[in-house]
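Residue numbers (the working numbering): 7 to 230. Down below is the structure, laid out as structure tokens.
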């Protein structure tokens, strides 16, 4: 049986993951649009920077966030609202989920037949109307797949979170951090088993949903 305290950890994890994905989605869509539709010098470099959190140690990402939001950093004015708080955990999770979300949205956008957009333009539709009525609806399976995959990545985030906002029960202690804390306690194996089972179930459900949505894009594109 999962205790009330452990359910609180699950609810906090879902909150952090949901806020992280909702806040990251507009940024991820804009970056995916630029990478999928624009050709410009430095495009490869931008692509590499976007995917950097996938390859550098998460602790490094957390350290960079700590420097950015520390008093005296570029975002130091916000430090009181994010350091050692769940909002900071959401920022860390969002940064780590960004590359996967950009990749999924980009695949969705690249799967849209440009001839449909060109036909709409020749019929007098404005650029924004084409995007709103053709591009976005056709790319929506990829966008949703990216959102679900980003959520799965967010709820499993550990390294950047513990480095950036520490492991504070009730504030930043999501499922991965709670599992880590239980591992450090004598007799905590039963807690580890329960929380690990919940974590695996949530992540597996999100991954299955992401792949199912990606397959609906019409070209069998995979975001994994």
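The C-beta atom is built at its ideal place from N, Cα and C for all residues, glycine as well.
For residue j and residue i, believed in contact at Cβ under 8 Å, the rounded distance
i, j, result
"residue 152", "residue 107", "4 Å"
"residue 30", "residue 156", "6 Å"
"residue 99", "residue 163", "4 Å"
Residues near residue i in its chain [Cβ-Cβ closer than 6 Å; skip 5 each side]
i, result
"residue 37", "56 and 108"
"residue 197", "188"
"residue 8", "200"
"residue 226", "With a pLDDT of only 47 at residue 226, under 50, the local geometry of the prediction cannot be trusted, and the value read off the model is given with reservation. If we look at residue 226 and ignore the five residues flanking it on each side, it has no Cβ neighbours."
Beta-carbon proximity check, residue i vs residue j, cutoff 8 Å
i, j, result
"residue 154", "residue 113", "no"
"residue 181", "residue 15", "yes"
"residue 201", "residue 212", "no"
"residue 90", "residue 177", "yes"
"residue 209", "residue 161", "yes"
"residue 72", "residue 53", "no"
Same chain only: Cβ atoms within 8 Å of residue i, ignoring 5 sequence neighbours per side
i, result
"residue 145", "111, 114, 115, 117, 118 and 223"
"residue 80", "74"
"residue 10", "none"
"residue 35", "111 and 149"
"residue 43", "115"
Close beta carbons around residue i, own chain, < 7 Å, minus the five adjacent residues each side
i, result
"residue 159", "102, 103 and 106"
"residue 140", "122, 123 and 126"
"residue 87", "93"
"residue 60", "105"
"residue 77", "85"
"residue 194", "188"
Could you say if the segment 24 to 42 and the segment 91 to 101 meet the contact criterion of at least three C-beta pairs nearer than 8 Å?
A contact exists between the segment 24 to 42 and the segment 91 to 101.
Say whether the segment 62 to 72 touches the segment 168 to 181, bearing in mind that this needs 3 or more beta-carbon pairs closer than 8 Å, one atom from each stretch.
Yes, the segment 62 to 72 touches the segment 168 to 181.
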